[in-house]
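Quick note on my numbering: the sequence shown kicks off at 371 and runs consecutively.
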Amino acid sequence: RHANADEIRVQLVYDRDQVCLRVKDNGQGFGVGNITAYAGFGLLGMSERAERIGAQLTIRSQPGEGTEMIVTVDREASQ
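In structure tokens, the structure reads:
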């Protein structure tokens, strides 16, 4: 919504041990270490939801480089 992206890629991969969801855009990106408390509420909410299901959330982004979010959960933990 805030990224000004015009392309997004979504990949969902199941394997024997885990499920991995990757979402990547070509938007403006941001410095992950420079998130203000107010601006980080959406990211905090995603992190909390991932934690509730035993998943790991990884966010990769740099200004001008877009953003990639990866959620990985062990299949055993999700049952």
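Ideal placement from N, C-alpha and C gives every residue a C-beta, glycine not left out.
Remember, predicted model here, so these are calculated numbers, not experimental data.
Requested in this report: Find the nearest neighbour of Gly397 within the set Thr442, Val383, Asp387 and Ser431, judged by alpha-carbon distance.
Outcome: In the sequence shown, counting from the first residue as 1, residue 397 sits at position 27. By alpha-carbon distance to Gly397, the top candidate from Thr442, Val383, Asp387 and Ser431 is Ser431.
Requested in this report: Give me the Cα-Cα distance between Asp387 and Met416, rounded to the nearest whole angstrom.
Outcome: For the purposes of this step, residue 387 is taken as residue 17 along the sequence shown, with counting starting at 1. For the purposes of this step, residue 416 is taken as residue 46 along the sequence shown, with counting starting at 1. Met416 has its alpha-carbon roughly 22 Å from the corresponding atom of Asp387.
Query - Reduced DSSP category for Arg379 - H, G, I as helix; E, B as strand; rest coil - result: Working through the sequence shown from its first residue, we reach residue 379 at position 9. Correct three-state label for Arg379: strand.
Query - First through last residue of the beta strand (DSSP E) which encompasses Val441 - result: Locating residue 441 in the sequence shown gives position 71, where the first residue counts as 1. Element bounds for Val441: Thr437 to Asp444.
Query raised in the report: Candidates Gly434, Ala375, Leu427 and Arg392: which alpha carbon is nearest Leu382's?
Result: Here residue 382 corresponds to residue number 12 of the sequence shown, with the count starting at 1. Of the residues Gly434, Ala375, Leu427 and Arg392, the one whose Cα lies closest to the Cα of Leu382 is Arg392.
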